[in-house]
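> Numbering (the working numbering), first residue to last: 15 to 122.
Positions of the beta carbon are idealized from the N, C-alpha and C atoms, including for glycine.
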């Protein structure tokens, strides 16, 4: 498929034009409907021991880190672990031959 600057600009103009169009009318809730109470936010999960150990190791680079800062670093590490599990939900590992196949193309 060959695309050009014109095709791109036409698509961009359609996207901007659609964003400027008025949206569908909003249907208001009936007065009898009472708003539900918002659930209380869940407390921040405690970081795993591995994340805490890794965060404590940061004191080698900055010995003036406070315990609160180490705890915050550990929470960030734990959040990174959870993002990784969402990217690979089945926990599969790549083998040596599982690399993408490079495809080269000669263009004039």
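1) How many angstroms separate the CA atom of residue 65 from the CA atom of residue 92?
2) For residue 121, collect the residues of the same chain with a Cβ closer than 6 Å to its Cβ; drop the 5 residues on either side in sequence, then sort them by chain order.
3) Express the C-alpha separation of residue 97 and residue 110 in angstroms, rounding to a whole number.
4) Of all the options 53, 89 and 105, which has the alpha carbon lying nearest to the alpha carbon of residue 63?
5) Which word fits residue 84, buried or exposed, when buried means at least 16 other C-beta atoms lie within 10 angstroms of its C-beta?
6) Spatial neighbours of residue 54 within its chain, please: CB distance less than 8 Å, with the 5 preceding and 5 following residues excluded, ordered by chain position.
7) In three-state terms, what does DSSP make of residue 115?
8) To the nearest angstrom, how far is it from the Cα of residue 72 to the Cα of residue 82?
9) Classify residue 61: buried if its beta carbon has 16 or more other beta carbons within 10 angstroms, exposed otherwise.
So, from the data block:
1) 6 Å
2) none
3) 24 Å
4) 89
5) buried
6) none
7) coil
8) 13 Å
9) buried
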